[in-house]
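Asker:
Residue numbers (my numbering), protein chains in the order written: chain A, -1 to 228; chain B, -1 to 228.
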C-alpha cells in the first residue's frame, strides 16, 4: 500500500530543460564565429562531465563550465565582454519565473489529501529553494529534500529519516537514472513521466518496462487513477 | 539542561576564510596592473553582495562574482586567459584538503558521548558535503544540515524537525550574525568562538556580552568545561 509519494521537481513539476536548451542556443550563436554548433555542444558537455564531481549540478556549475569551454574553444580569443554575456545568461536563468507543467497544482492538491507528499530534487540549494517557494506548491508537501545526487543511498537515508518503508513509497520523476532505477532497486514503486527534452547526462538506460513496480505515464494527471489500481 | 549541540563548520571546525584570503591575494595581484588592492577588494565585495540573493554562498558564487568584477574593473580589457586563471582559483579551492582547527576531533569525540551533535552549516551543498566527508568527523554527528541561510526561521525548522526544545539546545560558531544572534532570539544558548578572520558580510554586530545565554570562548577545547557549569 502506497502511503507516501516523492516528486522530482525539475521537468516533473516545472520546466527546466527548455530553459537550458534556450541558453544553449544563445551560447552556440555567441561562439558560432569560432565553431559549428555540434562542436560547441559536445565540448561543453565534456567540460560539464569533467567538472561534475567538483561543481555538482545547477546553473552556477553550468555557467562556470560554459565560460571554461568558451575560453578553450576560442584559444583564449574570446573577449571579456563576450564572457560577460555568458555570465548574464546565468543571471537570466536564475531569475526566470517558474513555469509549472500542465495539471501539476490540481494533481498535487488532490493527492495531498490522501498521501504524504515529499519533494526530492537535486541541484543548487538556493535556486531549488527559490523555485519551490515561487511555485506556490509548498502547501501540498509535507517535507522537501534538496540533495546533491540521487542514488540508492540518498533515497535510503530519506526513507529512513521519515520512517517510510520502501513498499509504501512511490517516486515520480522524468529521469530514469535519478528518479526511477534507484527506487526500484530499493524495493519501492516508480512512475516514469518522460519530459520531451532530457539532458544527455540523465539518459542512462531504457525504461525497465518488465519490472513489476515500474509504471510509465504521459501526464501527471493520470497519476490518481493509477494509484487506485495499486 | 543542554542535550543537543549544534556546530557551525566553516571556521569553527575547519579553516575556510584563510583559503578565501589567499585567493583574494592572488586575485588582487592578477588585477594589480589595473587597480590598487583596496579598490579591487571593495568592488569585489560590492559585486558579491549584489549577487548574494541570486547566487547564494560558496566558492562557485565567489568565482562568478570575481569574474564579473574583473571584467568591470578592467573595462572589458582583461584577457580570456586571465579569466581562466580565476576559474582555476575556484577549482583549486574546491579541491583544497580540509584542515581542521586545533582540538576539534578530540573535543567532538568527548562531547558525542554525552550530547547529540548536529552539523549546521550554510553554503554550497556539494562542497560542504565533500568537506564533511573528508573531515572524518561525521561519526561524531547524529545529523547534518546544509542550509542556504542561517536565520531564526532556519533554526526553528531544524529544532522542530528533530523535536529539540530551544532551552535544550546550544549552538557553537564563529559568526555572530549566523550562529549566535538567531539562536539567542530563539531562546537557545550560544557559544561564540571567534576566528582570526571574518568575512565582512558576517560582521554584523558586537558580541551580546550581557545576554544570559551568551558565552565566548577562545578555543573549542574549553567547551566541555563550560558545559559542566550550565
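Just so it is clear, CB atoms sit at the ideal spot from N, CA and C, and this is done for glycine as well. Since this is a predicted model, take the numbers as computed values, not measurements.
Mind checking whether residue 218(A) and residue 191(A) have CB atoms under 8 Å apart?
Answerer: Counting from 1 along the first chain, the entry for residue 218(A) is found at position 220. Counting from 1 along the first chain, the entry for residue 191(A) is found at position 193. Yes, the Cβ-Cβ distance between residue 218(A) and residue 191(A) is below 8 Å.
Asker: Are the beta-carbon atoms of residue 96(A) and residue 129(A) separated by less than 8 Å?
Answerer: Reading the first chain from its first residue, position 98 is the one you call residue 96(A). Reading the first chain from its first residue, position 131 is the one you call residue 129(A). Their beta carbons are under 8 Å apart, which means residue 96(A) touches residue 129(A) by this criterion.
Asker: Closer than 7 Å by beta-carbon distance: list the chain B residues that pair up with residue 60(A), in chain order.
Answerer: Numbered from its first residue, the first chain carries residue 60(A) at position 62. In chain order: nothing, as chain B lies at least about 10 Å away.
Asker: Where in the region 157 to 213 of chain B do unbroken runs of the beta strand (DSSP E), each at least 3 residues long, occur, reported from the N-terminal end onward?
Answerer: Uninterrupted beta strand (DSSP E) stretches at least 3 residues long and entirely within the region 157 to 213 of chain B occur at 167 to 171 and 187 to 190, given in chain order.
Asker: Using a C-beta to C-beta distance shorter than 7 Å, which residues of chain A count as neighbours of residue 79(B)?
Answerer: Locating residue 79(B) in the second chain gives position 81, counting from the first residue. What residue 79(B) touches in chain A: 74.
Asker: What is the DSSP secondary structure of residue 145(A), reduced to helix, strand or coil?
Answerer: By 1-based counting over the first chain, the position of residue 145(A) is 147. In the three-state reduction of the DSSP assignment, residue 145(A) falls in the strand class, which pools E and B.
Asker: Any beta carbon from chain B within less than 8 Å of residue 144(A)'s own beta carbon?
Answerer: Counting from one through the first chain, the residue named residue 144(A) turns up at place 146. True, the Cβ-Cβ gap to chain B drops below 8 Å.
Asker: Residue 65(B) and residue 85(A) look like a contact to me (Cβ under 8 Å); what is the Cβ gap, rounded to whole Å?
Answerer: Numbered from its first residue, the second chain carries residue 65(B) at position 67. Numbered from its first residue, the first chain carries residue 85(A) at position 87. Correct: roughly 7 Å between the Cβ atoms.
Asker: Quick one: list the residues of chain B neighbouring residue 123(A), beta-carbon separation under 8 Å, in chain order.
Answerer: Residue numbering aside, residue 123(A) sits at position 125 when the first chain is read from its first letter. The contact set of residue 123(A) on chain B, defined by CB atoms closer than 8 Å, consists of 54, 122, 123, 144, 145 and 146 in chain order.
Asker: Can a CB atom of chain B be found closer than 8 Å to the CB of residue 93(A)?
Answerer: Your numbering for residue 93(A) matches position 95 in the first chain. Residue 93(A) counts as touching chain B.
Asker: Sort 187(B), 83(B) and 215(B) by Cα distance to residue 172(B) and report the nearest one.
Answerer: Position 174 of the second chain, counting from 1, holds the residue named residue 172(B). It is 215(B).
Asker: Which residues of chain C have a Cβ atom closer than 7 Å to the Cβ of residue 85(B), listed in chain order?
Answerer: In the structure shown, chain C cannot be found, because the protein chains are A and B.
Asker: Any C-beta of chain B within less than 7 Å: which residues of the region 126 to 137 of chain A qualify?
Answerer: If the cut-off is 7 Å between Cβ atoms, the region 126 to 137 of chain A has 127 near chain B.
Asker: Just curious, the alpha helix (DSSP H) that residue 267(B) is in, first and last residue?
Answerer: Here chain B covers residues -1 to 228 and nothing more, so residue 267(B) does not appear.
Asker: Of all the CB atoms in chain B, is at least one closer than 8 Å to the CB of residue 69(A)?
Answerer: Here residue 69(A) corresponds to residue number 71 of the first chain, with the count starting at 1. Cβ-Cβ to chain B under 8 Å: yes for residue 69(A).
Asker: What residue from 125(A), 132(A) and 67(A) has the CA that sits closest to residue 145(A)'s CA?
Answerer: Translated into the one-based positions of the first chain, residue 145(A) becomes position 147. It is 125(A).
Asker: In whole angstroms, what separates the C-alpha of residue 110(A) from that of residue 2(B)?
Answerer: Residue mapping note: residue 110(A) aligns to position 112 of the first chain, counting from 1. Residue mapping note: residue 2(B) aligns to position 4 of the second chain, counting from 1. Those two C-alpha atoms are separated by around 33 Å.
Asker: Contact check, residue 72(A) vs residue 78(B) under 8 Å by CB: the rounded distance?
Answerer: Along the first chain, read from residue 1 onward, the residue named residue 72(A) stands at position 74. Along the second chain, read from residue 1 onward, the residue named residue 78(B) stands at position 80. Residue 72(A) to residue 78(B), Cβ: 7 Å. Contact.
Asker: Skipping 5 residues on each side, what residues in its chain have a beta carbon closer than 8 Å to that of residue 42(B)?
Answerer: Locating residue 42(B) in the second chain gives position 44, counting from the first residue. Closer than 8 Å at the Cβ level, and outside the excluded window around residue 42(B), lie 22, 25, 63, 64 and 67.
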